[in-house]
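Q:
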Amino acid sequence: MNKHNRWMIMGVTMLLAVSLSACSGDNKETAPAANNGSSQNTPAPAEQPAEQPDEQAGEDTVLQGSGIYNGQQDSHSIEIETEDGPNTYEIAEGMEEVLTELSEGDKVKFEYTELTVQGSESVKQRQLTKLWKDSETGSAGGKAGAGAATGSADSGQAASLPAEQTFELEMEGMTESRTAKLAEADGYSLYVFDGFTFKPEEDRLVMDIDNDYYVDITKLPSDYNLDELRREATADLKENGDVRELTGDEIHPAMRDASLFLMSSSDNLTREMIVKEVDGQGYIFHVNMPHEEASAGFGTLAFTSLDSLVSS
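FYI, the numbering for the sequence shown is -24 to -1, 1 to 288, going by mature numbering (1 follows the signal peptide of the UniProt record, and there is no 0).
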């Protein structure tokens, strides 16, 4: 009996051993497969640096200006005082020879481009493309820059003037650029904007929308007398109303270098008589400007054209 029990116990023990061995084998088979790398944590790709914008945003428009040369600031820039105040302009390669011919206080005219520094819209970098001494008796200031070509504005310059020029103007409180075309008459040339026609046979600049807006241009003899012109013009203008002689800031910036500026005004009409010298030649400008809707912009455009006048 005891022997029989022992065999039963041994049998049960062996059965348990086999069972445990089988379980152990099953665990090995069901163990998770070795990591083959597909599920490994991989480092995130490094961020590519954002493309940096250009340091400056350029504008291709060529602008006109005039003012007073205040001297060279360093080897690559100069200062010019315009009606907006003193401004710095970078000089282009090859302008050194022009600078040697200038003295501080000289009146100059120039062409330039503007670059806006990104991140600071109010900061402008001005790059000169042309610079020359203005031999006229005065200048209109930066914003109403008169047209001219490279070199001094002397007699015979008209032959070298470009067919078109771009001017920066103040129109109804806004600054805008407009292109004008060269027109020639007997002994002088000037730039004329769209919306105007120059009649060389009449020496008259007229507004297309209303020909009652016009300027008559008369060349004066070399021995003209300014006081006599003042008396004659005053008598003529008085027929339209009280006559005033304008000076300083009362005059449009493009005409502030005039020797004489008289104006009379009535309810319906303003008339002006302006005496100005260009390259040593005296001119009278008779301005006729009705008080109509078309008058907006007439003065600025007409005076800028007159300020671009060059004797030939």
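Built from N, CA and C at the ideal position, the CB exists for glycine as well.
Consult DSSP for Val38 and reduce its assignment to one of helix, strand or coil.
A: If DSSP states are grouped into helix, strand and coil, Val38 belongs with coil.
Q: Are the CB atoms of Val191 and Leu181 within a distance shorter than 7 Å?
A: Contact flag set, yes.
Q: Would you call the stretch 264 to 276 and the stretch 240 to 247 touching, i.e. three or more CB-CB distances under 8 Å?
A: The stretch 264 to 276 is in contact with the stretch 240 to 247.
Q: Ordered along the chain, which non-local residues of its own chain (more than five positions away) have a Cβ less than 6 Å from that of Ser14?
A: Here the model assigns Ser14 a pLDDT of 42, short of 50, so the residue's position is not dependable, and the following value carries that caveat. For Ser14, where only same-chain residues beyond five positions count, there are no Cβ hits under 6 Å.
Q: Who are the Cβ neighbours of Pro266 in its own chain at under 7 Å, not counting the five residues just before and after it?
A: Taken in chain order, the residues that qualify are Asp188, Tyr189, Asn244, Leu245.
Q: Which residues in the same chain have their Cβ closer than 7 Å to the Cβ of Ser287, if we skip the five residues on either side of it in sequence?
A: So the list reads Ser131, Gly163, Tyr164, Val254, Asp255, Gln257, once near-sequence residues are dropped.
Q: Is it the case that the Cβ atoms of Arg154 and Phe172 are separated by a distance below 7 Å?
A: In this structure, Phe172 does not lie closer than 7 Å to Arg154 by Cβ.
Q: Mind checking which residues open and close the alpha helix (DSSP H) that includes Arg207?
A: That run of the alpha helix (DSSP H) goes 202 to 213.
Q: Measure the alpha-carbon distance for Ala120 versus Lys214 and round it to whole angstroms.
A: Because Ala120 sits at a pLDDT of 36, beneath the cut-off of 50, its placement in the model cannot be relied upon, and the point is left open.
Q: Would you kindly report the start and end of the unbroken alpha helix (DSSP H) that includes Leu75?
A: Note, Leu75: alpha helix (DSSP H), 72 to 76.
Q: On the DSSP letters alone, give me the boundaries of the beta strand (DSSP E) that Thr276 sits inside.
A: No beta strand (DSSP E) contains Thr276, which is instead part of the alpha helix (DSSP H) from 274 to 283.
Q: Please state if the CB of Thr64 and the CB of Ser53 are separated by a distance shorter than 7 Å.
A: Yes, the pair counts as a contact, with Cβ atoms nearer than the cut-off.
Q: Considering only residues of the same chain and omitting the five flanking positions on each side of Glu57, which have a CB-CB separation below 7 Å?
A: Excluding residues within five positions, the ones whose Cβ falls inside 7 Å are Gly43, Ile44, Asn46.
Q: Mind checking whether Ser235 and Val219 have CB atoms under 7 Å apart?
A: In this structure, Val219 does not lie closer than 7 Å to Ser235 by Cβ.
Q: Please list the terminal residues of the continuous beta strand (DSSP E) segment that includes Asn244.
A: Neither: Asn244 is in no beta strand (DSSP E) and is coded neither H nor E.
Q: Would you mind giving the Cβ-Cβ distance between Glu69 and Leu39, rounded to the nearest angstrom? I have them listed as a contact below 8 Å.
A: Not a contact, Cβ separation roughly 20 Å.
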